[in-house]
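Residue numbers (the working numbering), protein chains in the order written: chain Y, 11 to 290; chain X, 11 to 290.
Just so you know, even glycine gets a beta-carbon here, dropped at the ideal spot from N, CA and C.
Protein chains: 2
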Amino acid sequence: MRLAVIGVGLIGGSFALALKAAKAVEHVVGVGRNSANLELARTRGIIDAVAADPASAARHADLVLVAAPVGQYARIFSALMSTKAVITDGGSTKRDVVATARKALGANLARFVPGHPIAGAERSGAAAADAELFRGRRVVLTPLKETSAEAASVVEEAWKQCGARVSRMDPAEHDAVLATVSHLPHLLAFALVHEVARRANSAELFSFAAGGFRDFTRIASSHPEMWRDICVANRDRVLDEVRRFSAKLDQVKALLERPAELEKLFAEAREARDKWIQSS
Amino acid sequence: MRLAVIGVGLIGGSFALALKAAKAVEHVVGVGRNSANLELARTRGIIDAVAADPASAARHADLVLVAAPVGQYARIFSALMSTKAVITDGGSTKRDVVATARKALGANLARFVPGHPIAGAERSGAAAADAELFRGRRVVLTPLKETSAEAASVVEEAWKQCGARVSRMDPAEHDAVLATVSHLPHLLAFALVHEVARRANSAELFSFAAGGFRDFTRIASSHPEMWRDICVANRDRVLDEVRRFSAKLDQVKALLERPAELEKLFAEAREARDKWIQSS
């Protein structure tokens, strides 16, 4: 199988490395805006060749992974309108990607299998690519009614070769689930760090922050442009989550006057989390 | 030096182990409500003897560490009213501890050096004790105007022997700083997990939660009773932090309509966090 990767960053680069390691792919061509990153990808053996643009990268490929920022998808999909390859993507939101694909892919929509590998990390670029990134991780595919069963199965098989656990979901359901378990926590972490950083005594505050704060805010070291795009694309769901969480905070605030109920909430949260950790 | 530890859990047990490892302490006597835990502490070499109550534990000690839940301090301090040992504690809040000590310690207030080792972990009990727990960690001492300089220096030296970085602070300042960098994040983590656990589709939600969610919510596996006591003792400061954070969330909510400003907030947060991580 020949693979084209549009955007050779953490996700695109790791997908190429994992498929090469699994001997599922023989040749990888990469496209990207950053030539130093592409050169690094070639040096690391992530890609075998560089193409000038998505159309030429896809020309001899069996599978194309679009792993660029979602803001570039319209242009990239237009360039893939007549490829014979199966197309998938790694975008963190799916309703917007599907809408863009419907407009830009034309008759090639049947070859498109929207996907989201849930394997974020605050590192980025080809330097961070890792053949093991997806092992045991979840990948959600959101095939459309137009998507051919064959294309969906090619993409599912590729992710399985990377060691991922593949699920299928409706794009709207995907965006709702991710808003709760990923987008909201990211917003909360960014907000907390920003709040602390803005205080007059921020240096003192940070100097007494410990491991709990470090882990809680790890995701606030994520890529600002990517998270802007996610929040914009999934704005309605994210807004809904922020509203629910604000209401929850109001409830917790009231419980500060009712210690027994506060302890019960803490205990229920701990129990739910421990159960989740044990089962995952 | 002979040490008495009232409450042989993570903090008390680790303090004893660290001082033994540093050969700063020859003999440790432990007191606690849970006899199985005390027996484990003896088996692990954390303590050398068990005393029936705080008064008898302190009788032949040079230093007493109170590392029990803060709710038990009034009773414990009353029992230490006539000890000749230097007294310190490991409570996570300091204004309430100081108020309790003023009422219960009588003339022995001069021997008391309130302290807080900032080395929380979601594990607890003698089983979790670790001689290296405090290495490189911060310990805040909040001596009172009545505290003797000699007592403060005994306690400071002991924590240094554990490898900790010792600071001195006013109790009110301590409680304000910790409300921001510790108590608020704990509340947010408990609230988020509780919110997710209460949803009708919580099983699906948890099954798609990844590493970001795991780290963000790690502190929601903390001890419910201990965190209830912290929130109650520091209620005014915690309330203030929850209010500020709610206002921040409202601001972030508004920025969902202004992508460039949202990205700027994300970028500023990332930069502040990365700077902190690099310097710590």
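Let me check understanding here. Comparing Cα to Cα, which of the options lies closest to residue i?
{"i": "X/L215", "options": "Y/H233, Y/A282 and Y/T227", "result": "Y/A282"}
{"i": "Y/T98", "options": "Y/A162, Y/D239 and Y/S66", "result": "Y/A162"}
{"i": "Y/Q261", "options": "X/P64, X/R209 and X/E205", "result": "X/E205"}
{"i": "Y/H233", "options": "Y/S102, Y/R245 and Y/A182", "result": "Y/S102"}
{"i": "X/R175", "options": "X/L151, X/L275 and X/K274", "result": "X/L151"}
{"i": "Y/L275", "options": "X/A182, X/A230 and X/V38", "result": "X/A230"}
{"i": "Y/A213", "options": "X/S92, X/V191 and X/A168", "result": "X/V191"}
{"i": "Y/V60", "options": "Y/A31, Y/V149, Y/E166 and Y/I16", "result": "Y/I16"}
{"i": "Y/S88", "options": "Y/H70, Y/S66, Y/R178 and Y/K104", "result": "Y/S66"}
{"i": "Y/D239", "options": "Y/S290, Y/R105, Y/A129 and Y/L13", "result": "Y/R105"}
{"i": "Y/S177", "options": "Y/V149, Y/V165, Y/L197 and Y/A168", "result": "Y/V149"}
{"i": "Y/G146", "options": "Y/F223, Y/A51, Y/K170 and Y/L90", "result": "Y/K170"}
{"i": "Y/N244", "options": "Y/F223, Y/N211, Y/A137 and Y/H184", "result": "Y/H184"}
{"i": "X/M91", "options": "X/K113, X/V80, X/A220 and X/E251", "result": "X/K113"}
{"i": "Y/L13", "options": "Y/Q288, Y/L197, Y/V164 and Y/R224", "result": "Y/V164"}
{"i": "Y/G221", "options": "X/N211, X/W286 and X/V74", "result": "X/W286"}
{"i": "X/V80", "options": "X/S256, X/L259, X/A111 and X/E251", "result": "X/A111"}
{"i": "X/N118", "options": "X/A207, X/T157, X/H70 and X/V203", "result": "X/T157"}
{"i": "Y/D58", "options": "Y/A136, Y/R43 and Y/V39", "result": "Y/V39"}
{"i": "Y/A201", "options": "X/A71, X/D284, X/V187 and X/K258", "result": "X/K258"}
{"i": "Y/S289", "options": "X/S134, X/A219, X/R268 and X/A136", "result": "X/A219"}
Return the bridge partner residues of residue i from the DSSP annotation.
{"i": "Y/S177", "result": "Y/V150"}
{"i": "Y/I16", "result": "Y/V41 and Y/V76"}
{"i": "X/V108", "result": "Its beta-bridge partners do not exist; DSSP assigns none."}
{"i": "X/P64", "result": "None, per the DSSP bridge assignment."}
{"i": "X/G125", "result": "X/L151"}
{"i": "Y/A59", "result": "Y/V39"}
{"i": "Y/D99", "result": "Y/V76"}
Counting C-beta neighbours from all protein chains within 10 Å, is the total for residue i 16 or more, i.e. buried, or is it exposed?
{"i": "X/E235", "result": "exposed"}
{"i": "Y/K33", "result": "exposed"}
{"i": "X/S45", "result": "exposed"}
{"i": "X/A84", "result": "exposed"}
{"i": "Y/E142", "result": "exposed"}
{"i": "X/G116", "result": "exposed"}
{"i": "Y/K155", "result": "exposed"}
{"i": "Y/G19", "result": "buried"}
{"i": "Y/D180", "result": "exposed"}
{"i": "X/T53", "result": "exposed"}
{"i": "Y/R280", "result": "buried"}
{"i": "Y/D246", "result": "exposed"}
{"i": "Y/E36", "result": "exposed"}
{"i": "Y/E167", "result": "exposed"}
{"i": "Y/E49", "result": "exposed"}
{"i": "Y/E251", "result": "buried"}
{"i": "Y/A159", "result": "exposed"}
Ordered along the chain, which non-local residues of its own chain (more than five positions away) have a Cβ less than 7 Å from that of residue i?
{"i": "X/I21", "result": "A77, G100 and P127"}
{"i": "Y/A199", "result": "F226, T227, I229 and A230"}
{"i": "X/L29", "result": "L13, V35, A168, Q171 and C172"}
{"i": "Y/H196", "result": "I229, S232 and W237"}
{"i": "X/M11", "result": "A34, V35, E36, D72 and L73"}
Once the 5 residues before and after residue i are set aside, which same chain residues still bring their CB inside 6 Å of it?
{"i": "X/V248", "result": "A189, H193 and C241"}
{"i": "Y/R121", "result": "V96, I97 and A161"}
{"i": "X/D140", "result": "S24"}
{"i": "X/T93", "result": "A68"}
{"i": "Y/L27", "result": "I56, A139 and A141"}
{"i": "Y/A186", "result": "R247"}
Please go through the same chain and pick out, in chain order, the residues whose beta-carbon is closer than 8 Å to the beta-carbon of residue i, but skip the five residues on each side of it.
{"i": "Y/A62", "result": "V41"}
{"i": "Y/V108", "result": "P124, T152, L154 and P181"}
{"i": "Y/L265", "result": "E271, L272 and L275"}
{"i": "Y/F255", "result": "L194 and L198"}
{"i": "Y/F144", "result": "S24, F25, A28, P127, A129, W169, C172, G173 and A174"}
Output yes if chain B places a C-beta closer than 8 Å to the C-beta of residue i; else output no.
{"i": "Y/R148", "result": "In the structure shown, chain B cannot be found, because the protein chains are Y and X."}
Does at least one heavy atom of the ligand HEM sit under 7 Å from the Cβ of residue i?
{"i": "X/R283", "result": "Judged by which ligands are present, the structure shown has none, so any question about the ligand HEM falls away."}
| task | With 7 Å as the limit, tell me which residues of the stretch 198–216 of chain X have their beta carbon closer than that to any beta carbon of chain Y; keep them in chain order. | result | L198, A199, F200, A201, L202, V203, H204, E205, V206, A207, E214, L215 and F216
Query raised in the report: When you check each C-beta in the stretch 241–264 of chain X against every C-beta of chain Y, which residues fall closer than 7 Å?
Result: When CB distances to chain Y are screened at a threshold of 7 Å, the residues of the stretch 241–264 of chain X falling below it are C241, V242, R245, V248, L249, V252, R254, F255, S256, K258, L259, V262 and K263, in chain order.
Members of the stretch 70–98 of chain Y that neighbour chain X once the beta carbon cut-off is set at 8 Å: The stretch 70–98 of chain Y vs chain X, Cβ under 8 Å: nothing.
ask   = In chain order, what residues of the stretch 273–290 of chain X put their CB closer than 9 Å to some CB of chain Y?
value = E273, K274, L275, F276, A277, E278, A279, R280, E281, A282, R283, D284, K285, W286, I287, S289 and S290
Taking a Cβ distance cut-off of 8 Å, strictly less, list which residues of the stretch 151–173 of chain Y are near chain X, in chain order. none
| message | For the stretch 51–64 of chain X, list every residue whose C-beta sits within 8 Å of some C-beta in chain Y, in sequence order. | response | none
| message | Give me the subset of the stretch 32–48 of chain Y whose CB atoms are less than 7 Å from a CB atom of chain X, sorted by chain position. | response | none
Fill in: Near-chain Y residues of the stretch 217–234 of chain X (beta-carbon distance less than 9 Å), N- to C-terminal order
S217, F218, A219, A220, G221, G222, F223, R224, D225, F226, T227, R228, I229, A230, S231, S232, H233 and P234
Next item on the list: Could you please tell me which residues of the stretch 17–32 of chain X, in chain order, have their CB closer than 9 Å to any CB of chain Y?
Entry: Taking 9 Å as the cut-off between beta carbons, none of the residues of the stretch 17–32 of chain X comes near chain Y.
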